[in-house]
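Encoded as structure tokens, the structure appears first; notes follow it.
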Amino acid sequence: MRKVTGFIVLIATWVLLFYTLTFLTTLILAPWDTALVRPDLGTWQRSANDFFESAPGQYVVALGLIVLSVRLGWAGLRCDHDLRWRFAVINGLCFCAMLVVFMAAALLNNAVFPYPPVSYDPTYEGYHRAVIPGLALLAVCAVWLMSQRRIVNHWLGRQGFQTGYTVRISRS
């Protein structure tokens, strides 16, 4: 029963991270999704906004990161089912870190790019406001994936498995 519970918790954390990354991708990479005035059709800003505003664009980042996480975990989970709890904890910590870092980056972003003192400014929205939160979340995701890789490499090395490929060239 403990094995099944561990896998359910692990899958639940991957699903939670998928939807969180999807939501944050839409917030960061589709800045004009609720704006009254959008960029002109044919500009790169409008094309990127329209791509990340709805499927499949809003799922690309989240799906790529979750697939990498599952791929990293699969190597260790095939051999040791106790890694599922470590991966679930790391996923949970990543979720918390994403929320905290995104809020801090948004506050810093609002300090760097304050809203002008008018009732509505159509030039306020844009990708210039996505740089700080985007880079902050990219750093969190990089640390998340590196920590998963480190756990798998440490466990496989401890068990005597090789973590890389060795190429031997025989001269005949």
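For what it's worth, the working numbering labels the leading residue of the sequence shown as -9, then goes sequentially. Backbone N, C-alpha and C define an ideal beta-carbon position, used for all residues, glycine too. Model, not experiment: these values are computed from the prediction.
- Contact check between the segment 114 to 126 and the segment 17 to 24: three or more CB pairs, one atom from each, fall below 8 Å, which counts as touching.
- Going by C-alpha positions, F41 is about 43 Å away from M(-9).
- The segment 81 to 90 makes contact with the segment 120 to 139; the number of CB pairs closer than 8 Å reaches 3 or more.
- In this structure, the beta-carbon distance from L97 to V51 does not fall below 9 Å.
- In the three-state DSSP reduction, D40 falls in the helix class (H, G or I).
- Between R74 and K(-7), the gap from beta carbon to beta carbon is short of 9 Å.
- Bounds of the alpha helix (DSSP H) holding R(-8) are -8 to 19.
- F92 has its alpha-carbon roughly 28 Å from the corresponding atom of F(-3).
- When rounded, the separation of the alpha-carbon atoms in T24 and L128 is 24 Å.
- With contacts defined by Cβ atoms closer than 9 Å, L14 and M88 form a contacting pair.
- Annotated three-state conformation of F85 is helix, per DSSP.
- Judged by beta-carbon spacing, A65 lies within the 9 Å limit of V142, meaning their Cβ atoms are closer than that value.
- In the structure shown, A25 falls within a coil segment according to DSSP collapsed to helix, strand and coil.
- Contact check for P46 and R36: beta-carbon distance about 18 Å, past the 8 Å limit, so the pair fails to qualify.
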